[in-house]
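**Q** Numbering (my numbering), first residue to last: 35 to 310.
Where is the CB? At the ideal position from N, CA and C, for every residue including glycine.
Remember, predicted model here, so these are calculated numbers, not experimental data.
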Ligand code: ADE
Ligand code: ZN
Ligand code: ZN
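Listed below in structure tokens is the structure:
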């Protein structure tokens, strides 16, 4: 009996811990990977195919979730998000010593571009990069430092207990009931010029952009709300836009990473704190 209670406690605790560091659910991350595949250059495709041993970006995008319970990867956990006050910009406050999604993305890019890094390690950082660029586009992964990116804002989603973070990670996407490939194949048409515009800016500009959406998201609901169709109607277009943007930008980074020399990457990473 005592043993049963202990087992139950363990299961409860591990479920709660996992819930608190959730990210775009599997479908969200895979959608971003699948959209990125559509925007890759021939050269990037070739390198990625070799590094991933034939797997797709959609397939490897959730690798970071699959290794989450392995403690040897614990130090990557803070890399999935960044928190700073609502009315400020990234870097205006001391950054997290343990790293954050901005430093995480920078680290991954530098590892993949470093010729001294082994193929195996590059493959690991490529999977992580695929995941983290996705996280950077989930508004509440750029939180305000008060509620773990909305994880502590308890609300209901169609009468079921949830929280604001989870609504944005997965509840809306799951309610839509489309597979990741269906979502990736149903993005809004964009001209080459529009795509070019979406790829502009430095990494820290992208954070500022997501932060604006995060502020909007915090204002979209309050503790105790029961969110339903109306919320979905207004907010799901933003989710879809962010999945598309994440995919397009992931491809932009990867297309540059596999060039011998890239002024774009140097510009993209400028003003980003040094990697940990
Ligand atoms: N844990 C703490 N802050 C977080 C955030 N903004 N997103 C996801 N998990 C977090
Ligand atoms: Zn999340
Ligand atoms: Zn994540």
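Could you compute how far the alpha carbon of residue 127 sits from the alpha carbon of residue 183?
**A** Position 93 of the chain shown, counting from 1, holds the residue named residue 127. Position 149 of the chain shown, counting from 1, holds the residue named residue 183. Whole-angstrom Cα-Cα distance: 17 Å.
**Q** In the DSSP output, what is residue 194 paired with across the bridge?
**A** One-based indexing of the chain shown puts residue 194 at position 160. DSSP output for residue 194 lists 191 as bridge partner(s).
**Q** Any idea which residues DSSP pairs residue 261 with across the strands?
**A** As a position in the chain shown, residue 261 is number 227, starting the count at 1. In the DSSP output, where bridge partners are listed per residue, residue 261 has 191.
**Q** Measuring only the C-alpha atoms, how far is residue 251 from residue 164?
**A** For the purposes of this step, residue 251 is taken as residue 217 along the chain shown, with counting starting at 1. For the purposes of this step, residue 164 is taken as residue 130 along the chain shown, with counting starting at 1. Whole-angstrom Cα-Cα distance: 24 Å.
**Q** Whose C-beta lies closer than 7 Å to the C-beta of residue 135 among residues of the same chain, with five residues either side of it excluded?
**A** By one-based count along the chain shown, residue 135 stands at place 101. Correct list, in chain order: 113, 114, 115, 116, 166, 169, 170 and 175.
**Q** On the CB-based measure, 16 or more other CB atoms within 10 Å of its CB, does residue 70 come out buried or exposed?
**A** Along the chain shown, read from residue 1 onward, the residue named residue 70 stands at position 36. With 16 or more Cβ atoms within 10 Å of its Cβ, residue 70 is classed as buried.
**Q** I want to check one thing, is the minimum distance from the CB of residue 203 to the heavy atoms of ligand 2 below 8 Å?
**A** Walking along the chain shown from the start, residue 203 turns up at place 169. Within the cutoff, so yes.
**Q** Thinking just about the alpha-carbon of each residue, which of 82, 248, 64 and 75 is nearest to the one in residue 157?
**A** On the chain shown, position 123 is the one that residue 157 refers to. Taking only the C-alpha atoms, the option nearest residue 157 is 82.
**Q** Measuring straight from C-alpha to C-alpha, what distance separates residue 225 and residue 73?
**A** Position 191 of the chain shown, counted from the start, is the residue given in the question as residue 225. Position 39 of the chain shown, counted from the start, is the residue given in the question as residue 73. Using only the alpha carbons, I get a separation of about 12 Å.
**Q** If contact is defined by three or more beta carbon pairs under 8 Å, each pair taking one atom from either stretch, is the segment 231 to 242 in contact with the segment 203 to 213?
**A** Segments in contact, no.
**Q** What is the residue span of the alpha helix (DSSP H) that residue 120 lies within?
**A** The residue given as residue 120 occupies position 86 in the chain shown. Counting along the chain, residue 120 falls outside any alpha helix (DSSP H), and DSSP gives it neither H nor E.
**Q** Go ahead and pull the three-state DSSP assignment for residue 138.
**A** Counted from its first residue, the chain shown places residue 138 at position 104. Looking at residue 138 - three-state DSSP - the assignment turns out to be helix.
**Q** Between the C-alpha atoms of residue 149 and residue 94, what's the straight-line distance to the nearest angstrom?
**A** Position 115 of the chain shown holds residue 149. Position 60 of the chain shown holds residue 94. Approximately 22 Å, taken between the alpha carbons.
**Q** I need the DSSP call for residue 94, collapsed to helix, strand or coil.
**A** Here the question's residue 94 lines up with position 60 in the chain shown. Residue 94: helix per DSSP, three-state reduction.
**Q** Measuring only between beta-carbons, confirm whether residue 243 sits less than 9 Å from chain D.
**A** Of the protein chains in the structure, only one exists, and it is not chain D.
**Q** State the Cα-Cα distance for the pair residue 145 and residue 284, rounded to the nearest angstrom.
**A** On the chain shown, residue 145 is found 111 positions in, with the first residue counted as 1. On the chain shown, residue 284 is found 250 positions in, with the first residue counted as 1. Taking the straight line joining both Cα atoms gives about 16 Å.
**Q** With a cut-off of 8 Å, do at least 3 Cβ pairs link the segment 184 to 202 to the segment 252 to 261?
**A** Segments in contact, yes.
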